[in-house]
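Visitor:
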Amino acid sequence: MRPLYQSMLTKNKKEMTEVKLFCGLIYRDLDLLREATRLLTKAFGPLDNESGIYDFDHTEYYQSEMGTNLIRRFISFEELVEPTRLVNIKAKTNEIEKKLADRDGDSFKRNINIDPGYMELSKIVLASTKNYSHRIYMGKGIFAEVTLIRKNNKFKFLPWTYPDYVHPIALVFFEETRTILKNQISE
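Residue numbers (our numbering): 286 to 472.
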């Protein structure tokens with residue numbers, strides 16, 4: 286193997302370390318948020334950051350299932366995780382959504398939407414159960430997409446980035462969380 290190529294492999298291997306797990310939550314009911322947060326911290330450990338809240342009014346996509354006057358919040362977890370865990374993490378958040386859903390026989394209506402993702406210093410990656418041209422299949426029915434990239438010392442959106450991910454409150458959360466991650470990596 287050529288020395289330069291070997292050096293690049295070694296460098297990339299060192300850079301591919303653990304990442305900061307976060308979840309985006311869409312909900313209406315504060316008690317439901319508290320219960321979801323309790324279940325999430327039981328599964329993934331204590332929180333180290335929470336965003337402010339803001340109206341989730343960028344789309345009507347969830348209204349037929351979850352109603353109107355939806356709220357958006359982000360949370361991040363203390364413990365860093367391997368990025369390959371995202372598939373199992375998404376499966377767990379889907380399980381929590383179902384546990385908190387209204388059931389009618391075999392069908393259910395979610396009361397809370399939980400979207401896990403992870404942050405590296407250079408990007409934010411989301412998990413999804415929906416395929417699209419910019420998403421990569423990760424296994425077990427889960428896809429991943431880079432939704433924000435770091436450029437010129439701030440997060441930049443991409444053509445497919447959801448509008449609620451570039452809301453000022455979300456961007457403050459991502460900057461704060463990135464600082465926490467940077468400090469964790471430095472330790």
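Note that the Cβ used here is the ideal one computed from N, Cα and C, for glycine as well.
If you compare alpha carbons, which of Asp333, Lys327 and Arg313 is closest to Asn468?
Guide: On the sequence shown, position 183 is the one that residue 468 refers to. Measuring from the Cα of Asn468, the nearest candidate turns out to be Asp333.
Visitor: For Arg313, does the three-state DSSP call read helix, strand or coil?
Guide: Taking the first residue of the sequence shown as 1, we reach residue 313 at position 28. In this structure, Arg313 counts as coil in the three-state DSSP scheme.
Visitor: Flag this pair as yes or no: are the beta carbons of Ile427 and Val372 separated by less than 8 Å?
Guide: The residue you call residue 427 lines up with position 142 of the sequence shown. The residue you call residue 372 lines up with position 87 of the sequence shown. Yes. Within cutoff.
Visitor: On a Cα-Cα basis, can you pick out the residue from Lys394, Lys377 and Tyr450 that is closest to Ile409?
Guide: Along the sequence shown, read from residue 1 onward, the residue named residue 409 stands at position 124. Among Lys394, Lys377 and Tyr450, the Cα nearest to that of Ile409 is on Tyr450.
Visitor: Would the segment 373-380 count as touching the segment 341-348 if we require 3 or more Cβ pairs under 8 Å?
Guide: In short, these stretches do not touch, since the Cβ pair count stays below three.
Visitor: Looking only at its own chain, which residues have a Cβ that is under 7 Å from the Cβ of Lys383, when we skip the five neighbours before and after it?
Guide: In the sequence shown, the residue the question calls residue 383 occupies position 98. Excluding residues within five positions, the ones whose Cβ falls inside 7 Å are Phe393.
Visitor: Between Leu456, Ile470, Thr464 and Ser471, which lies nearest to Phe359 when the distance is taken from Cα to Cα?
Guide: As a working mapping, residue 359 is identified with position 74 in the sequence shown. Selected option, being the one with the closest Cα: Leu456.
Visitor: Assign Asn416 to one of two classes, buried (16 or more other C-beta atoms within 10 Å of its C-beta) or exposed (fewer than that).
Guide: Stepping through the sequence shown from its first residue, residue 416 is reached at position 131. It is exposed - the Cβ of Asn416 has fewer than 16 other Cβ atoms within 10 Å.
Visitor: Have a look at the DSSP bridge pairing and note the partners of Pro429.
Guide: For the purposes of this step, residue 429 is taken as residue 144 along the sequence shown, with counting starting at 1. According to the sequence as given, residue 429 is Ala; it is not Pro. In the DSSP output, where bridge partners are listed per residue, Ala429 has Ala412 and Ile421.
Visitor: Would you say Leu324 and Ile397 are within 8 Å of each other, going by their C-beta atoms?
Guide: Position 39 of the sequence shown, counted from the start, is the residue given in the question as residue 324. Position 112 of the sequence shown, counted from the start, is the residue given in the question as residue 397. No, the Cβ-Cβ distance between Leu324 and Ile397 is not below 8 Å.
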